[in-house]
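Trainee: Take 1 as the starting number for the sequence shown in UniProt numbering and just add one per residue.
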Amino acid sequence: MPTPTISIRSDQFGPEHSARAVLCLEAGHDRFRFMAMDGQGRGQWLEDYAFPSLLTERAPTDLLTDIFRDHPLLTAGPWHEIRISINTPSFTLVPQPLYRKEYAGSYLALMRGNELPAYEFAQAYRHESEGFLSVFSLSHALADFFSEAYPLQPMTFVHQAGALLEATAALSKQASDESPVYLYFEDEFVTVISRAGGKLTYCNRFGYKNAQDLTYYVLYILTELSINPETVVVMLYGEITPFAEQYTELSRFLAHLRFGTYPTALTLSDDFSDLPDHRYLSLYGLCLMGD
């Protein structure tokens, strides 16, 4: 079985507690991570797996099979609830009054510039409090894998951006009078989310080749939103450290650059105390989606 790059587990929680627990899974092309919450909604078990570049030519479901095989928690069940976040390039937001289920694939085709391939289909998640739906692509193979791993169990699919929207909605409630911009880094992509008065004003994800490209894109977005880079608070999350080139370049132009804290609406066991608060915002947002 592959070895996780990060593994945190409370002694107070185990597979025998699954019936009252929530399992949150996040799957992408080159990584997989999960967190389990006990019956009180407290995070108790987290693992993070990165797929080596030589293995990413294999189908993600093959790599997941290696992880799931004989894993004491992932093979447990039944679960009270299972939430699955999918990290795919194709996603868009559609206002609730305009959404039609039969047009879900068309929304993505308009965003992509072409139709979804035959091995993918359109999936949607309704963000009730925000007034829109996130529509995203999901591969048949991945959906079938989880359905076979957890047959006849309650399961919710959401895009990673949707989980980040949930997390930033919670963060905006604890941001007092500030209206920060949130940057979430993963590999060579950044998700930019802006909220004003708690309401979403911008959400998009883009790839970048270097720190200079990243900074240009971020400053361009701020200009389009009429946000002053000298006064706005920019919160950093995900795969970024104070020693990263991205941080150094951004700090030249953004006066109030900060590493974020995790949403206080989420409770974590004491075993998570050494984990950087900003690291797993998308997974934390997934954990909050049932609240």
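Even for Gly, the Cβ is constructed at its ideal location relative to N, Cα and C.
(1) Which whole-angstrom value describes the C-beta separation of F146 and M155, a residue pair presumed to lie in contact below a C-beta threshold of 8 Å?
(2) Assuming F145 is part of the alpha helix (DSSP H), what are its boundary residues?
(3) Determine the contact status of R205 and T191, defining contact as a CB-CB distance below 8 Å.
(4) Can you give the Cα-Cα distance for L254 and I227, rounded to whole angstroms?
(5) In this structure, does DSSP put P15 in helix, strand or coil?
(6) Alpha carbon to alpha carbon, how far is Y247 from R83? Give it in angstroms, no decimals.
(7) Among the candidates R279, E130 and S269, whose CA atom is the shortest distance from the CA of M289?
(8) Grab the span of the alpha helix (DSSP H) containing L288 for me, first residue to last.
(9) Taking the beta carbon of Y220 as the centre, do at least 16 other beta carbons fall within 10 Å, making it buried, or is it exposed?
(10) Taking only three categories from DSSP, how would you classify T215?
(11) Excluding the five sequence neighbours on either side, which residues of its own chain have a C-beta within less than 6 Å of the C-beta of E245, listed in chain order?
(12) Buried or exposed for residue 331, please, with buried defined as at least 16 other CB atoms from any protein chain shown within 10 angstroms of its CB.
(13) Would you kindly check if the distance between the Cβ of G198 and the Cβ of K173 is under 8 Å?
(14) Beta-carbon within less than 7 Å of E166's beta-carbon, same chain only, minus the 5 sequence neighbours each way: which residues are those?
(15) My guess is that D277 and G260 are in contact by the Cβ rule of under 8 Å, so how many angstroms apart are they, rounded?
(16) My output table needs one value for S7: the three-state DSSP class, helix, strand or coil.
(17) Anyone know if the C-beta pair for Q160 and I86 falls short of 8 Å?
(18) Closest by CA to R33, which one among R42, K101, I8 and G162?
(19) Which whole-angstrom value is the C-beta distance of Y107 and T92, which I expect to be below 8 Å?
(20) According to DSSP, is T61 part of a helix, a strand, or is it coil?
(21) For L133, write down the residues that DSSP places opposite it in a beta bridge.
(22) Would the beta-carbon of L268 fall within 8 Å of that of G43?
Mentor: Per the coordinate set shown:
(1) Residue 146 sits at position 146 when you count from the first residue of the sequence shown. Residue 155 sits at position 155 when you count from the first residue of the sequence shown. Cβ-Cβ separation between F146 and M155: approximately 7 Å, consistent with a contact (criterion under 8 Å).
(2) Mapped onto the sequence shown, residue 145 falls at position 145. H140 to A149 is the extent of the alpha helix (DSSP H) around F145.
(3) If you number the sequence shown from 1, residue 205 lands on position 205. If you number the sequence shown from 1, residue 191 lands on position 191. Yes, the pair counts as a contact, with Cβ atoms nearer than the cut-off.
(4) Within the sequence shown, numbered from 1, the residue matching residue 254 stands at position 254. Within the sequence shown, numbered from 1, the residue matching residue 227 stands at position 227. It is roughly 11 Å from the alpha-carbon of L254 to the alpha-carbon of I227.
(5) Within the sequence shown, residue 15 is the residue found at index 15, counting from 1. Residue state, collapsed to three classes: helix.
(6) On the sequence shown, position 83 is the one that residue 83 refers to. On the sequence shown, position 247 is the one that residue 247 refers to. For R83 and Y247, the distance between alpha carbons rounds to 32 Å.
(7) Numbered from its first residue, the sequence shown carries residue 289 at position 289. M289 has its Cα closest to that of E130, out of R279, E130 and S269.
(8) Here residue 288 refers to the residue found at position 288 of the sequence shown. First-last of the alpha helix (DSSP H) with L288: L281 to L288.
(9) Counting from 1 along the sequence shown, the entry for residue 220 is found at position 220. Exposed, since its Cβ has fewer than 16 Cβ neighbours within 10 Å.
(10) In the sequence shown, counting from the first residue as 1, residue 215 sits at position 215. DSSP places T215 in the helix class (H, G or I) of the three-state scheme.
(11) The residue you call residue 245 lines up with position 245 of the sequence shown. Taken in chain order, the residues that qualify are A211.
(12) Because residue 331 is not part of the residues shown, which for the chain are 1 to 291, the question remains open.
(13) For this step, residue 173 is matched to residue 173 along the sequence shown. For this step, residue 198 is matched to residue 198 along the sequence shown. Yes, they are a contact pair.
(14) Locating residue 166 in the sequence shown gives position 166, counting from the first residue. Sequence-distant Cβ neighbours of E166 in its own chain, meaning closer than 7 Å and more than five residues away, are G285, L288 and M289.
(15) Working through the sequence shown from its first residue, we reach residue 277 at position 277. Working through the sequence shown from its first residue, we reach residue 260 at position 260. At roughly 7 Å, the Cβ-Cβ gap stays under 8 Å, so D277 and G260 are in contact.
(16) As a working mapping, residue 7 is identified with position 7 in the sequence shown. DSSP places S7 in the strand class (E or B) of the three-state scheme.
(17) In the sequence shown, the residue the question calls residue 160 occupies position 160. In the sequence shown, the residue the question calls residue 86 occupies position 86. Taking 8 Å as the Cβ cut-off, Q160 and I86 qualify as a contacting pair.
(18) Indexing the sequence shown from 1 puts residue 33 at position 33. Out of R42, K101, I8 and G162, I8 has the C-alpha closest to the C-alpha of R33.
(19) The sequence position of residue 107 within the sequence shown is 107, counting from 1. The sequence position of residue 92 within the sequence shown is 92, counting from 1. With 8 Å as the limit, Y107 and T92 qualify as a contact, their Cβ atoms being about 6 Å apart.
(20) Locating residue 61 in the sequence shown gives position 61, counting from the first residue. Helix, per DSSP.
(21) As a working note, residue 133 is residue 133 in the sequence shown. L133 pairs with V94 and R126.
(22) Within the sequence shown, residue 268 is the residue found at index 268, counting from 1. Within the sequence shown, residue 43 is the residue found at index 43, counting from 1. Yes; because the gap between Cβ atoms is below 8 Å, this pair is in contact.
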